[in-house]
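Residue numbers (our numbering), protein chains in the order written: chain R, 8 to 124; chain D, 54 to 165. Taking it in order: structure first as structure tokens, then the write-up.
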Amino acid sequence: GAVVSQHPSRVICKSGTSVKIECRSLDFQATTMFWYRQFPKQSLMLMATSNEGSKATYEQGVEKDKFLINHASLTLSTLTVTSAHPEDSSFYICSARDRGGIYYEQYFGPGTRLTVT
Amino acid sequence: AQTVTQSQPEMSVQEAETVTLSCTYDTSENNYYLFWYKQPPSRQMILVIRQEAYKQQNATENRFSVNFQKAAKSFSLKISDSQLGDTAMYFCAFMNDNDMRFGAGTRLTVKP
Chain R
8 GAVVSQHPSR VICKSGTSVK IECRSLDFQA TTMFWYRQFP KQSLMLMATS
58 NEGSKATYEQ GVEKDKFLIN HASLTLSTLT VTSAHPEDSS FYICSARDRG
108 GIYYEQYFGP GTRLTVT
Chain D
54 AQTVTQSQPE MSVQEAETVT LSCTYDTSEN NYYLFWYKQP PSRQMILVIR
104 QEAYKQQNAT ENRFSVNFQK AAKSFSLKIS DSQLGDTAMY FCAFMNDNDM
154 RFGAGTRLTV KP
């Protein structure tokens, strides 16, 4: 089956620093990747949608200068949280849609837990 | 914008029994897909079942089946012969083009 990896799985950073999270589709090409944020005991909130080779589309209320998304290839998208603050602490999940897929199904990564101290 | 509503924050069921999780959605689109995802404590999202809106036949996957009522915009999930491993958060999701929306989730506990 389609596999999506995320790295790192956990990261702790100091306030004011930047952190990068990688999302890779391991056995398929992803035309579109999605980034979500999930607070404890809450649902997934879509942050942005990225298509390979083009700028990401951000959801209303998501700061594009703070959450930089780069979809450099058909298998890799990165989310960089710039000048992180404690309120950015959360669980970040990426997903990818298979370029060859016939459904709108997304395959999810295992998530990254970000803690900003 | 599309919205997805799950009105049951928590549910429980005895092992081997049947439980139904409800989901309603709102959209003006005619073509879309609906999904149920399971999120166990590991937090890995796992696809349970999908339904294409243009198909009238309800999707089934082993012990999991849906009751899709397009006119009523309802998409419930039935789990038969519940197992302890079914304990998880369940999210109903709507997708159309590049838009995907999740419901708030239902925490299901299967009791031995």
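In this text, a Cβ means the ideal position worked out from N, Cα and C, and glycines have one as well. Just so we're clear, the structure is a prediction, and the values are computed from it rather than from any experiment.
Exercise. What number of angstroms, rounded off, separates the C-alpha of leucine 161 of chain D from the C-alpha of arginine 96 of chain D?
Worked result: C-alpha of leucine 161 of chain D to C-alpha of arginine 96 of chain D: approximately 14 Å in a straight line.
Problem set entry | N- and C-terminal bounds of the beta strand (DSSP E) containing threonine 56 of chain D | 56 to 58
Exercise. Just curious, the beta strand (DSSP E) that arginine 96 of chain D is in, first and last residue?
Worked result: It is not in any beta strand (DSSP E) - arginine 96 of chain D carries neither H nor E in the DSSP assignment.
Problem set entry | Spatial neighbours of histidine 92 of chain R in its chain, beta-carbon cut-off 7 Å, leaving aside the 5 residues before and after | Ser22, Val123
For this session: Just confirm the distance between the C-beta atoms of serine 119 of chain R and serine 16 of chain R, as a whole number of angstroms; I'd bet it's less than 8 Å.
Result: In the sequence as presented, serine is not what sits at residue 119 of chain R; that position holds threonine. So it is a contact: roughly 6 Å between Cβ atoms.
Problem set entry | Inter-residue spacing [alpha-carbon to alpha-carbon] between alanine 55 of chain R and methionine 148 of chain D | 14 Å
Problem set entry | Where serine 84 of chain R meets chain D, residues with beta-carbon distance less than 7 Å | Here the premise fails: no neighbours, minimum Cβ distance about 14 Å.
Exercise. Where does leucine 121 of chain R fall in DSSP's three states?
Worked result: strand
Problem set entry | Residue nearest to glutamate 82 of chain D in terms of C-alpha spacing, selected from D/Gln55, D/Phe144, D/Val72 | For glutamate 82 of chain D, the nearest C-alpha among the options comes from D/Gln55.
Exercise. Short check: CB of histidine 78 of chain R to CB of methionine 52 of chain R, under 9 Å?
Worked result: Between histidine 78 of chain R and methionine 52 of chain R, the gap from beta carbon to beta carbon reaches 9 Å or more.
For this session: Measuring only between beta-carbons, confirm whether phenylalanine 74 of chain R sits less than 9 Å from chain D.
Result: No, phenylalanine 74 of chain R lies away from the interface with chain D (no Cβ there is under 9 Å from its Cβ).
For this session: Identify the contact partners of glutamine 97 of chain D in chain R, using a Cβ-Cβ distance below 8 Å as the criterion.
Result: Phe115, Pro117, Gly118
Exercise. Would you say leucine 166 of chain D reaches chain R, if we count a Cβ-Cβ gap shorter than 9 Å as a contact?
Worked result: The structure shown has nothing for residue 166 of chain D, since chain D only spans 54 to 165.
Exercise. Chain D partners of glutamate 112 of chain R, CB-CB under 9 Å?
Worked result: Chain D residues near glutamate 112 of chain R: Tyr86, Phe88, Leu100, Arg103, Met148.
For this session: Find out if the Cβ-Cβ distance for the pair serine 61 of chain R, arginine 31 of chain R is shorter than 9 Å.
Result: no
For this session: Using a threshold of 9 Å, state whether the C-beta atoms of lysine 123 of chain D and threonine 77 of chain D are closer than that.
Result: no
Exercise. Does any residue of chain D bring its CB to less than 9 Å from the CB of leucine 81 of chain R?
Worked result: Answer no: the Cβ-Cβ gap between leucine 81 of chain R and chain D never drops below 9 Å.
For this session: Starting from the C-beta of arginine 116 of chain D, find all residues in its chain whose C-beta is less than 7 Å away, skip the five residues before and the five after it, and write them out in chain order.
Result: Ile132, Ser133, Asp134
Problem set entry | Buried versus exposed, by CB contacts within 10 Å (16 or more), leucine 74 of chain D | buried
For this session: Leaving aside the five residues before and after isoleucine 100 of chain R along the sequence, list all residues of the same chain whose C-beta is less than 7 Å from its C-beta, in chain order.
Result: Tyr43, Gln45, Leu51, Phe115, Gly116, Gly118
Exercise. Taking 9 Å as the CB-CB limit, is alanine 112 of chain D close to chain R?
Worked result: Judged by the 9 Å Cβ criterion, alanine 112 of chain D is not in contact with chain R.
Exercise. Cβ atoms of glutamine 136 of chain D and valine 101 of chain D: under 9 Å apart, would you say?
Worked result: no
Problem set entry | Under 7 Å (Cβ pairs) to chain D, residues found in the region 38 to 56 of chain R | Thr39, Phe41, Ser50, Leu51, Leu53, Thr56
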